[in-house]
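**Student:**
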Amino acid sequence: MRSSHQPLCTRAHQAAALLLAAATFFLTRLLDRSTLSAPPPPCAAPYSPWPHRDLRIYVYAEDEVDGLRALLRGRNDDVTAATCIKGQWGTQVKIHQLLLSSRFRTLDKDEADLFFVPTYVKCVRMTGKLNDKEINQTYVKVVLSQMPYFRRSGGRDHIFVFPSGAGAHLFRSWATFLNRSIILTPEGDRTDKRGISAFNTWKDIIIPGNVDDSMVKSDRLAVKPIPLTKRKYLANFLGRAQGKVGRLQLVKLAKQYPDKLESPELKLSGPDKLGRIDYFKHLRNAKFCLAPRGESSWTLRFYESFFVECVPVILSDEVELPFQNVIDYTEVSIKWPASKIGPGLLEYLESIPDGRVEEMIGRGREIRCLWVYAADTERCSAMSAIMWELQRKVRRFHQSAETFWLHNRSIVNRDLVEFHDWRTPIWGGGGGRATATGAACLSPLRAASFQFHLAASPRQHTSVLRSIALSSPLNLSSLPCRTASASAPPSPLRGGAAFPSLADRHHQRLRLLFK
Numbered sequence: 001m002r003s004s005h006q007p008l009c010t011r012a013h014q015a016a017a018l019l020l021a022a023a024t025f026f027l028t029r030l031l032d033r034s035t036l037s038a039p040p041p042p043c044a045a046p047y048s049p050w051p052h053r054d055l056r057i058y059v060y061a062e063d064e065v066d067g068l069r070a071l072l073r074g075r076n077d078d079v080t081a082a083t084c085i086k087g088q089w090g091t092q093v094k095i096h097q098l099l100l101s102s103r104f105r106t107l108d109k110d111e112a113d114l115f116f117v118p119t120y121v122k123c124v125r126m127t128g129k130l131n132d133k134e135i136n137q138t139y140v141k142v143v144l145s146q147m148p149y150f151r152r153s154g155g156r157d158h159i160f161v162f163p164s165g166a167g168a169h170l171f172r173s174w175a176t177f178l179n180r181s182i183i184l185t186p187e188g189d190r191t192d193k194r195g196i197s198a199f200n201t202w203k204d205i206i207i208p209g210n211v212d213d214s215m216v217k218s219d220r221l222a223v224k225p226i227p228l229t230k231r232k233y234l235a236n237f238l239g240r241a242q243g244k245v246g247r248l249q250l251v252k253l254a255k256q257y258p259d260k261l262e263s264p265e266l267k268l269s270g271p272d273k274l275g276r277i278d279y280f281k282h283l284r285n286a287k288f289c290l291a292p293r294g295e296s297s298w299t300l301r302f303y304e305s306f307f308v309e310c311v312p313v314i315l316s317d318e319v320e321l322p323f324q325n326v327i328d329y330t331e332v333s334i335k336w337p338a339s340k341i342g343p344g345l346l347e348y349l350e351s352i353p354d355g356r357v358e359e360m361i362g363r364g365r366e367i368r369c370l371w372v373y374a375a376d377t378e379r380c381s382a383m384s385a386i387m388w389e390l391q392r393k394v395r396r397f398h399q400s401a402e403t404f405w406l407h408n409r410s411i412v413n414r415d416l417v418e419f420h421d422w423r424t425p426i427w428g429g430g431g432g433r434a435t436a437t438g439a440a441c442l443s444p445l446r447a448a449s450f451q452f453h454l455a456a457s458p459r460q461h462t463s464v465l466r467s468i469a470l471s472s473p474l475n476l477s478s479l480p481c482r483t484a485s486a487s488a489p490p491s492p493l494r495g496g497a498a499f500p501s502l503a504d505r506h507h508q509r510l511r512l513l514f515k
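Residue numbering for the sequence shown is 1 to 515, as defined by the working numbering.
(1) Are the beta-carbon atoms of V173 and N136 separated by less than 9 Å?
(2) When the Cα atoms are used, what is the spatial distance from A291 to Y279?
(3) With DSSP collapsed to three states, give me the class of V257.
(4) Can you tell me whether W202 is buried or exposed, with buried defined as 16 or more other CB within 10 angstroms of its CB?
(5) Quick test of the definition: if touching needs 3 or more C-beta pairs under 8 Å, does the segment 364-382 touch the segment 93-103?
(6) For N236, name the three-state secondary structure that DSSP assigns.
(7) Going by DSSP in three states, F307 sits in which element: helix, strand or coil?
(8) Quick check on the DSSP output: the alpha helix (DSSP H) that includes L345 runs from which residue to which?
(9) Starting from the Cα of L321, find the closest Cα among I386, F104, K255 and give me that residue.
(10) Determine the burial state of T330: buried for a count of at least 16 other Cβ atoms within 10 Å of its Cβ, exposed for fewer.
(11) Quick one: grab the DSSP three-state call for R247.
(12) Measuring straight from C-alpha to C-alpha, what distance separates R356 and L130?
(13) Would a C-beta distance cut-off of 9 Å place E389 and I205 closer than the cut-off?
(14) Secondary structure at C380, three-state DSSP: helix, strand or coil?
(15) For D78, which residues of its own chain have a beta-carbon under 8 Å away from its beta-carbon, when the five flanking residues on both sides are left out?
(16) Can you tell me the Cα-Cα spacing of R284 and F160, whole angstroms?
(17) Is the CB-CB distance between H398 and R156 below 9 Å?
(18) Return the residue from the list E347, E418, C369, S381 that minimises the CA-CA distance to K260.
(19) Quickly, what does DSSP pair V357 with across the bridge? List them, please.
(20) Curious, which full-length alpha helix (DSSP H) runs of at least 4 residues does the segment 120-195 contain?
(21) Can you round the beta-carbon distance between E295 and Q242 to whole angstroms, since I take them to be within the 8 Å contact cut?
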């Protein structure tokens, strides 16, 4: 007798299940492929929070370190922050001022992850308030003699800003003294003149240039963008030739194709000088803004182009761009080989559909907030991005050639003096405070003795001697000037017995070498 119940799984059910599985597989692959091919957002900053965690930064006060004020105010103390905040090098002031009010600032050195050393050295140099020799000598004095926390880490947790194309080369002896420190700079390459770049991809941070304040506030732009269809030129180059091959080629190209490429002769002085407003009005009148290499690989024009909404075309092969971990620059700019500057460049730019140009401009509109130096509380700003980059540099442990540690976790130096008892090279008597006499006695040679003490190899010793010898004539008359100091701190191992000062022995050795 045949059962009245149908089987739970017939051949038809099996076939349907197989078809469903196959359809699911192919649809999943199709969706995955479309997702992978979709362009990623050019900037993650506006869409996700910055992972700052518990970053703490200590900012040195200008009067806290002997010599630091000169790097901020000049030898006569007459350079103001208001003077230095202007122009493309104003980042040195803005970063300092924003850190002073930052939510990540700490007043306790012992809880600091990083230490910021403020200087306006580019401005001080440009205004003639310190020359190169004085800058070099003052940096050596500051770095070597006044910062035990710098010595503790070998400078690895100390931050310096060099805001111009010269980068850290503003301090001639950077390679000896700051080769482990974190450098904030817009410049990633100076091999054209210096033979070596001061920028290190793994420890340093590229920062945006300082765009004129009147152009970065979207609610009150001094010069507003105009529609793409109303722009007169295909491209423009607004800058001086400076005898640079790429720039000279653009000037020549503009004369050949004056209806496509604008490149007016810029007057820096006199009645025909091009003012800032007129400059931006010219800049906005093209679809593409050409940014060739000048004295160095970076150019402020790259950042300015985003605020007049023209697509930047980079013509600088060695340029380094900021925040590459969150920005896809293929979405907002073009990079063209400098060796290919010529009619072919204009033909290529003409071939790009206006729809794609509009798309790139729109993407650029989304990420240009990262060029604005605003408080780090802003969801998208240069400071927010810099803080995020700095957080990734934080180390849990600090060491250098001068630091050692014991079984009880205490950090000591070569003389087995515990870290919090480390003294500055020139030490005044009474209560462990540096006296005015002691500060006056600090010479390049005295500072050199301590960098000699820090050096880990004979090769580094030679480098120290060379850099100090080249920085300035040595004032040997200052050598006998020694302040009365208390006895060396007791050893943590020998029940109070003091060790002889190795640094003093280096000082005497250098004194003999320089006689």
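The beta carbon of each residue, even a glycine, is placed where N, CA and C say it ideally should be.
Here the structure is a predicted model, which is why all the values come from computation and not from measurement.
**Tutor:** Concretely, from the data shown:
(1) Checking the displayed sequence, the identity of residue 173 turns out to be Ser instead of Val. In this structure, N136 lies closer than 9 Å to S173 by Cβ.
(2) Straight-line Cα distance between these residues: approximately 15 Å.
(3) It is worth fixing the name first, because residue 257 is Tyr in this sequence and not Val. Looking at Y257 - three-state DSSP - the assignment turns out to be coil, as it is neither helix nor strand.
(4) Counting Cβ neighbours within 10 Å, W202 comes out exposed, since fewer than 16 surround it.
(5) Yes: the two stretches touch, three or more of their Cβ pairs being nearer than 8 Å.
(6) In the structure shown, N236 sits in a strand (DSSP, three-state: E or B).
(7) Here F307 sits in helix by DSSP.
(8) Per DSSP, L345 belongs to the alpha helix (DSSP H) from 343-351.
(9) Taking the Cα of L321 as reference, the smallest distance to any Cα among I386, F104, K255 is reached at I386.
(10) Exposure of T330 is indicated by the presence of fewer than 16 other C-beta atoms within 10 angstroms of its C-beta.
(11) Collapsing the DSSP output to three states places R247 in a helix.
(12) Each residue's alpha carbon lies about 49 Å from the other.
(13) Less than 9 Å separates the beta-carbon of E389 from that of I205.
(14) Of the three classes helix, strand and coil, the one that applies to C380 here is coil, per DSSP.
(15) Shown here for D78: same chain residues with a beta carbon closer than 8 Å to its own, the five before and five after excluded, namely K129 in chain order.
(16) If I take the Cα positions, the gap works out to 34 Å.
(17) In this structure, R156 lies closer than 9 Å to H398 by Cβ.
(18) Relative to K260, the option among E347, E418, C369, S381 whose CA is nearest is E347.
(19) Beta-bridge pairing links V357 to no other residue.
(20) If we require 4 residues or more, the alpha helix (DSSP H) runs fully inside the segment 120-195 come out as 121-126, 132-145, 148-153, 174-177.
(21) About 6 Å separates the two Cβ atoms, so the contact holds.
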